[in-house]
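Count the sequence shown with this note's numbering and you get residues 4 to 252, in order.
Don't be surprised by glycine CBs; every beta carbon is placed ideally from N, CA and C.
Since we're looking at a predicted model, the values are computed, not measured.
Here's the structure we're looking at; comments come further down.
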Amino acid sequence: MQHNKPTVQDYSTYTPEDFYVWQLLYERQLPFVQASASELYLAALDKIGFNAAEIPHFEETTKRLQHHTGWQLTVVPELVPQKEFFEMLTRKTFPATCWLRALEELDYIEEPDMFHDVFGHVPLLVNSAYAGFMQNFGKLAMKWIDTPEAIPVLARVYWFTIEFGLLHENGKNKIFGAGIISSIGETQHVFKDESQKVPFNIRQMLTTEYRIDTLQPTYFVIDSFEQLCNAIPDIDKQLEQIFSTQLIH
Ligand SMILES: [Fe+2]
4 MQHNKPTVQD YSTYTPEDFY VWQLLYERQL PFVQASASEL YLAALDKIGF
54 NAAEIPHFEE TTKRLQHHTG WQLTVVPELV PQKEFFEMLT RKTFPATCWL
104 RALEELDYIE EPDMFHDVFG HVPLLVNSAY AGFMQNFGKL AMKWIDTPEA
154 IPVLARVYWF TIEFGLLHEN GKNKIFGAGI ISSIGETQHV FKDESQKVPF
204 NIRQMLTTEY RIDTLQPTYF VIDSFEQLCN AIPDIDKQLE QIFSTQLIH
């Protein structure tokens, strides 16, 4: 389906269908999220102030992010090229779409829309450890950007944490990855026995291919966002072991 993909958020252009879609998605995900998301995500959702009745305002959301961690949102029409994306992370800037899927695409959409980008990704940017990981991940990616073979390997870390990560909390696996939080299919699938849950392990993460065309067969479980932050030098070291001969100085 073709979407109108704005490069600025003009709130007056949202249609009744847009509000209805946001409300339906929000009200449908919320029970799953309340039952299975990390308490850090739930606290963050509260701080960022989203609700079912209102499509988030980017300006207001940026104000709240600025207050907590100094991050900001910027509107992009669609997925941005990797280099641009990583560079934005280094500047504490999260690129997000501001358009919503159509009613007939409620369960599945081919590319990320605002519900994924904003409901899924943005709340945890008020958490300083999570936000610190995002920025340092961007810096690490920019360090490796001229070694093209390294980027898809490094992208696996982003995939298995920021998109599809689980967090071990009070003896239970809880979700925090945006790809799970924003997806009805993933929230219903993630805790079934048919998917594998693997403790956080950089080497394994860097060498595990991921699927973009199906529900996830493997999820990695972290202990804390601090663990992720602290792993950045190790990720760098392991990339050096794998790609050192190709490093461009
Ligand atoms: Fe995403």
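Classify residue i as helix, strand or coil using the three-state DSSP reduction.
{"i": "Ala234", "result": "coil"}
{"i": "Tyr277", "result": "What is shown of the chain runs 4 to 252, which leaves residue 277 out entirely."}
{"i": "Lys200", "result": "strand"}
{"i": "Ala40", "result": "strand"}
{"i": "Gln12", "result": "coil"}
{"i": "Gln244", "result": "helix"}
{"i": "His252", "result": "Any answer about His252 is weak, because its pLDDT of 47 lies below 50 and its placement is not dependable; what the coordinates show is given next. Coil, per DSSP."}
{"i": "Val193", "result": "coil"}
{"i": "Asn130", "result": "coil"}
{"i": "Thr211", "result": "coil"}
{"i": "Pro19", "result": "helix"}
{"i": "Trp147", "result": "helix"}
{"i": "Asn139", "result": "helix"}
{"i": "Pro34", "result": "helix"}
{"i": "Glu108", "result": "helix"}
{"i": "Asp120", "result": "helix"}
Apart from the five residues on each side of it in sequence, which residues of its chain come closer than 6 Å, Cβ to Cβ, to residue i?
{"i": "Ser41", "result": "Leu170, Glu172, Lys177 and Phe179"}
{"i": "Ala99", "result": "Leu76, Asp120 and Val121"}
{"i": "His192", "result": "Leu218"}
{"i": "Gly141", "result": "Phe89, Leu92 and Thr93"}
{"i": "Phe163", "result": "Met208 and Phe223"}
{"i": "Phe35", "result": "Thr190"}
How would you label residue i, buried or exposed, when you count the other beta carbons within 10 angstroms and need 16 or more for buried?
{"i": "Leu127", "result": "buried"}
{"i": "Gly182", "result": "buried"}
{"i": "Gly168", "result": "buried"}
{"i": "Pro220", "result": "exposed"}
{"i": "Ile184", "result": "buried"}
{"i": "Pro236", "result": "exposed"}
{"i": "Gly123", "result": "buried"}
{"i": "Thr210", "result": "exposed"}
{"i": "Thr16", "result": "exposed"}
{"i": "Thr18", "result": "exposed"}
{"i": "Tyr222", "result": "buried"}
{"i": "Asn139", "result": "buried"}
{"i": "Ile215", "result": "exposed"}
{"i": "Ser186", "result": "buried"}
{"i": "Gln241", "result": "buried"}
{"i": "Pro59", "result": "buried"}
{"i": "Pro155", "result": "exposed"}
{"i": "Leu106", "result": "exposed"}
Could you name the residues that DSSP lists as bridge partners for residue i?
{"i": "His171", "result": "Asn176"}
{"i": "Pro155", "result": "Looking at the DSSP assignment, Pro155 forms no beta bridge with any residue, so it has no partner."}
{"i": "Thr96", "result": "Gln75"}
Between which residues of its own chain and residue i is the CB-CB distance below 7 Å, once the five residues before and five after are set aside?
{"i": "Cys101", "result": "Pro9, Gln12, Phe61, Val78 and Met117"}
{"i": "His71", "result": "Lys50 and Val129"}
{"i": "Gly73", "result": "Lys95"}
{"i": "Lys86", "result": "Ile148"}
Within its chain, find whatever has a CB closer than 8 Å to the CB of residue i; leave out the 5 residues flanking it on each side and keep chain order.
{"i": "His252", "result": "Summary for His252: the model assigns pLDDT 47, below 50, so the residue's position carries little reliability; its value from the coordinates is reported in the next sentence. Here the set comprises nothing."}
{"i": "Glu108", "result": "Met4"}
{"i": "Ser227", "result": "Ala132 and Leu170"}
{"i": "Phe194", "result": "Ser39 and Asn176"}
{"i": "Ala153", "result": "Trp147, Leu242, Ile245, Phe246 and Gln249"}
{"i": "Ile238", "result": "Leu143, Leu157, Val160, Ile205 and Leu209"}
Give the list of continuous beta strand (DSSP E) stretches no shorter than 3 residues that lie fully inside the segment 48-79. Runs of the beta strand (DSSP E) inside the segment 48-79: 75-78.
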